[in-house]
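Written out below as structure tokens is the structure these notes cover.
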Amino acid sequence: MALNNTTDSMDCDYLDNGTGVTGDMNVAVSTYVVVVSYACIFLCGIAGNGLVIYVVLRYAKMKTVTNLYILNLAVSDFLYILHLPLISTTTYLKYWMFGNAVCKINFVLYSISFFAGVFTLTSLGGDRYIAVCHAINSQEYRKPKYATLIIIGIWSLSFFVMLPTILYSKTVPNHNFPGKLTCTIEWPSGQLIPTEKAYTWYTFLLGFGIPVSLISVFYLLVILRLRTVGPVNKSKETRKAHKKVTRMVLAIISIYIVCWLPYWCFQVNLTLRPKDKSLEDWEILMFNIFTVLTSSNSMLNPILYAFLSDNFRRSFLKSFQCTNLMDANKSLYGESTLPTKHRRSHDYAFGKGKDMEKIELKEKEKEKKTTENNEYQTQTNGNVTEKCRLLQIHKFVKHTEEKNDNDNSLDVEEPDDVGDHSDTAALYADKQIQTREIV
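Structure below.
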């Protein structure tokens with residue numbers, strides 16, 4: 001859904017009711033298609049984004065800077081999708097039945113989550129720019145604590161940007177159904193510029209125009225960097241990793257633009273046409289298609305993660321395996337954020353004591369074998385070292401004896417207190433070896 005004056009995502013001044021499905025067209029078919037589409041998007045989006053949130057929070061190795069932004073995007077998509085049942089019901093009934101409090105909550109929920117999502121995409125683009133174009137200094141700035149602060153700022157800014165919606169959203173009488181209500185935004189009267197048009201441009205610029213422009217600049221610089229400096233100054237593995245992450249983020253942003261651009265073009269066009277000019281049936285049909293398309297964006301992101309990210313794909317598979325396979329539990333321990341002691345007590349509490357006993361026995365046997373191998377290796381290395389030391393002594397003694405023989409053959413007189421050359425050579429060689437070992 002989009003951000004505008006009514007719960008049906010369209011200015012009610014252009015329609016006969018608050019549903020966006022009117023005119024001489026087949027109302028029933030159009031309504032059912034929209035409702036069924038919202039239902040599918042809701043189920044798939046809740047499951048997909050819920051899984052993304054779970055794996056990032058569950059596995060320690062998934063808590064990278066990029067994945068923290070993706071986690072925030074999944075949270076915003078999850079909250080955004082939560083309002084679809086309310087909109088589906090309103091589309092089907094053609095009036096608002098949930099009261100004024102829920103009306104305000106509905107506007108707060110999907111308007112803030114909408115801006116949080118687009119601001120997160122902008123942050124992702126900026127993060128990719130820093131990681132690729134300023135790789136040397138990126139480690140100083142691309143830290144989880146800084147990403148967390150940015151995410152907090154994103155939600156705070158989203159709340160501030162949507163203050164007009166929060167203040168002026170309310171229920172008003174539905175002129176098509178006497179006694180019924182419509183959830184809308186009632187702007188103050190007497191303004192120089194029509195408030196509805198000003199609000200459309202306000203949300204378009206802050207929620208699409210400016211963020212997409214910034215993202216485009218970021219990615220233009222990233223692509224130029226990868227094509228020029230990257231191949232010279234970076235290893236093949238580093239370039240491949242950068243390109244893979246960059247490709248995934250670029251796909252996420254591209255899908256966002258594809259899903260939202262038609263809707264915003266339609267909304268901007270509404271502000272430029274005369275207010276007394278009604279919409280054609282085909283225009284109403286296209287608008288409903290565009291509106292469903294915007295909501296589908298929140299469902300598509302988890303699918304992109306699964307296809308384009310090896311880490312997310314493996315984490316998704318582990319999430320499904322860990323409830324059935326003992327080996328999957330064992331393989332996940334390396335990524336857990338819990339200490340070993342707490343993990344084991346957690347598993348015992350959920351009835352996995354027998355399996356854990358088997359795992360612990362296997363681990364103890366493996367540790368015992370490893371210890372024995374290490375001791376044997378240490379002993380073997382000691383024997384080899386001793387043999388090398390004796391061999392060096394033997395060579396040194398032999399060399400000394402040969403030298404003495406040569407000296408004697410030249411009739412050089414030796415002092416009387418020279419003593420046994422072999423013992424002296426052995427002691428000297430031993431000292432030399434010890435000195436080398438110390439060094």
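Going by full-length UniProt numbering, the first residue of the sequence shown is number 1, and it counts up by one from there. In this text, a Cβ means the ideal position worked out from N, Cα and C, and glycines have one as well. Just so you know, these numbers come straight off a predicted model, no measurement behind them.
As assigned by DSSP and simplified to three states, the class of Trp96
strand
Determine the direct distance from the alpha carbon of Leu224 to that of Asn100, and round the result to whole angstroms.
51 Å
Under the rule that 16 or more other beta-carbon atoms within 10 Å means buried, what is Val75, buried or exposed?
buried
Can you give me the Cβ contacts of Cys103 inside the same chain, cut-off strictly under 7 Å, excluding the 5 residues immediately before and after it?
Trp96, Ser169, Lys170, Thr171, Cys183
Please classify Ser169: does DSSP put it in a helix, a strand, or coil?
strand
In the DSSP output, what is Ile185 paired with across the bridge?
Ser169
Return the bridge partner residues of Tyr129 from the DSSP annotation.
Paired residue(s): none; Tyr129 is not in a bridge.
Which value, in whole angstroms, describes the spacing of the CA atoms of Val249 and Asn176?
45 Å
Taking the alpha helix (DSSP H) that Tyr219 belongs to, which residues open and close that run?
210–227
My guess is that Asn288 and Tyr256 are in contact by the Cβ rule of under 8 Å, so how many angstroms apart are they, rounded?
Between Tyr256 and Asn288 the Cβ distance is about 20 Å, and since that is not below 8 Å, they are no contact.
Just the C-alpha distance for Ile150 and Thr122, rounded to the nearest angstrom, thanks.
11 Å
Do the region 104–120 and the region 62–81 meet, that is, are 3 or more Cβ pairs less than 8 Å apart?
yes
Suppose only complete runs of 4+ residues qualify. What are the alpha helix (DSSP H) ranges in the region 270–328, listed by chain order?
281–308, 310–321
Compare the Cα-Cα distances from Val108 to each of Ser278, Lys240, Leu167, Leu51 and report the closest residue.
Leu167
Rounded C-alpha distance that separates Val292 from Tyr305:
21 Å
Buried versus exposed call for Lys275 [16 or more other C-beta atoms within 10 Å across all chains shown]:
exposed
Only counting the same chain, and skipping five residues up and downstream in sequence, which positions put a Cβ closer than 6 Å to that of Ser37?
Val292
What distance in whole Å lies between the Cβ atoms of Thr246 and Val132, which are believed to be in contact at a cut-off of 8 Å?
7 Å
Decide if Ile136 is buried, meaning its Cβ has at least 16 other Cβ atoms within 10 Å, or exposed.
exposed
Using the Cα positions of Leu317 and Tyr69, report the straight-line distance between them to the nearest angstrom.
21 Å
Please determine, among Arg58, Ala39, Phe42, Trp260, the residue with the shortest C-alpha to C-alpha distance to Arg314.
Arg58
Extent of the continuous alpha helix (DSSP H) to which Pro144 belongs:
144–161
Of the residues Phe115, Ile185, Phe98, Lys143, the one placed nearest Leu157, counting alpha carbons only
Phe115
Looking only at its chain, what residues have a beta carbon closer than 6 Å to the beta carbon of Leu163, apart from the 5 residues adjacent to it on each side?
none
For Gly207, which three-state DSSP category applies?
helix
May I have the straight-line CA-CA distance separating Ala39 from Ser254, to the nearest angstrom?
24 Å
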